[in-house]
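**Q** Before I ask anything, here is the structure I am working with.
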Amino acid sequence: MRIFISIASYCDPLLGFTVERAILTAAAPERLHFGVVDQSPAGTPHMVSLGAGARLSQVRIDASEARGPCGARALAMTLYDGEDWYLQLDSHMDFEPGWDERLVAQATALGAPQRPLVISTYPEAFRFENGEPVRVPTQGGVLAQVVKADCSFDPEHPVLTFVACPVAGAAPLPGFHVGGGWLVAPGRVTQAGPFDPRLYFHGEEQALALRLYTHGWDLFHMPGLPVRHLYNDANSGAPPRPMHWDEAHDAARPVGWWTHEQ
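For our numbering, add 172 to where a residue sits in the sequence shown, where the first one is 1.
The structure is reproduced here in structure tokens:
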């Protein structure tokens with residue numbers, strides 16, 4: 173079963189690490205097709221080819237021409253080439269051995285690929301210690317996405333904030349939200365729920381979850397996910413990643429991020 177892996181990267185020094193770790197830990201790396209949108213400054217080294225039989229389709233965009241996360245995700249999705257499964261990742265992830273077989277097994281246990289469904293959440297964390305990736309201990313259970321306790325709709329900004337809440341148990345949970353930085357689904361999700369390039373960033377997950385659910389797709393949170401995410405905080409063990417909306421980056425563009433956001 174072939175897997176298409178969508179990665180939108182913005183000036184991320186861990187892009188190469190993420191791809192290498194995915195290949196190194198996969199049970200069948202020759203079945204992987206990486207669709208990468210690499211938004212980085214001119215002169216930045218780029219991936220040329222991958223080992224272990226994995227395939228690479230890549231779009232390079234100068235960081236000054238980048239239009240935001242949703243535009244990059246939409247572009248990465250267009251690189252899909254009929255694979256059985258679609259996996260969307262951030263560009264700073266780590267993986268457990270056999271992650272590809274495990275994800276497919278988790279999805280098929282719920283009835284995919286015949287059943288239209290998406291498995292997603294905000295993944296558990298890893299950090300670097302002495303240059304090596306290390307899992308951050310967790311409380312176990314299922315990470316369910318729920319509305320933040322003090323969050324409500326604002327007429328000026330009708331987007332809710334979600335957080336990942338650990339729920340005790342070992343069974344999949346029906347969900348009503350997805351995480352843009354990690355989701356897996358049958359490959360036809362690229363036709364059922366293509367990313368909206370007119371969005372900038374905030375609201376992408378809520379919009380995608382609503383569109384998928386109202387088109388007959390079921391959403392799930394799953395225990396024992398074999399992936400980890402490097403969160404951009406003081407505990408990561410890595411230098412902070414630049415963001416598209418950072419002031420210095422934004423100053424180099426003819427159209428600022430806030431215009432795109434509005």
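Beta carbons are placed, not taken as given, at the ideal position from N, Cα and C, and that holds for glycine.
In this text the structure is predicted, and so the values were computed from the model without any measurement.
#1: For a test of the three-state rule: what should DSSP assign to A430, helix, strand or coil?
#2: Beta-carbon within less than 7 Å of G225's beta-carbon, same chain only, minus the 5 sequence neighbours each way: which residues are those?
#3: Rounded to the nearest angstrom, what separates A424 and S236 at their Cα positions?
#4: The alpha helix (DSSP H) spanning A381 covers which residue range?
#5: Given G270, which residues of its chain have a CB within under 6 Å of its CB, disregarding the five upstream and five downstream residues?
#6: When the Cα of T310 is compared with those of V319, A284, D322, C337, which residue comes out closest?
#7: Cutting at 7 Å between CB atoms, please list the residues of its own chain near P295, excluding the five before and the five after it.
#8: In terms of DSSP beta bridges, what is R400 paired with?
#9: What are the uninterrupted segments assigned as beta strand (DSSP E) that are 3 or more residues long and contained completely in the segment 300-335, given in chain order?
#10: Under a three-way DSSP split, which group does C183 fall into?
#11: How is the alpha helix (DSSP H) around A238 delimited, first residue to last?
**A** Here's the rundown:
#1: Note that residue 430 corresponds to Trp in the displayed sequence, not to Ala. The three-state secondary structure of W430, taken from DSSP, is helix.
#2: For G225, where only same-chain residues beyond five positions count, the Cβ hits under 7 Å are P201, E202.
#3: One C-alpha to the other measures close to 6 Å.
#4: 376-385 is the extent of the alpha helix (DSSP H) around A381.
#5: For G270, the CB contacts under 6 Å within the same chain, skipping 5 residues up- and downstream, are A199 in chain order.
#6: Measuring from the Cα of T310, the nearest candidate turns out to be C337.
#7: For P295, where only same-chain residues beyond five positions count, the Cβ hits under 7 Å are W354, L397, V399, R400, H401.
#8: DSSP, once it has assigned bridges, lists D266 as partnering R400.
#9: Inside the segment 300-335, DSSP marks whole beta strand (DSSP E) runs of 3 or more residues at positions 304-307, 314-319, from first to last along the chain.
#10: In the structure shown, C183 sits in coil (DSSP, three-state: anything other than H, G, I, E or B).
#11: Unbroken run through A238: none, as it is neither H nor E.
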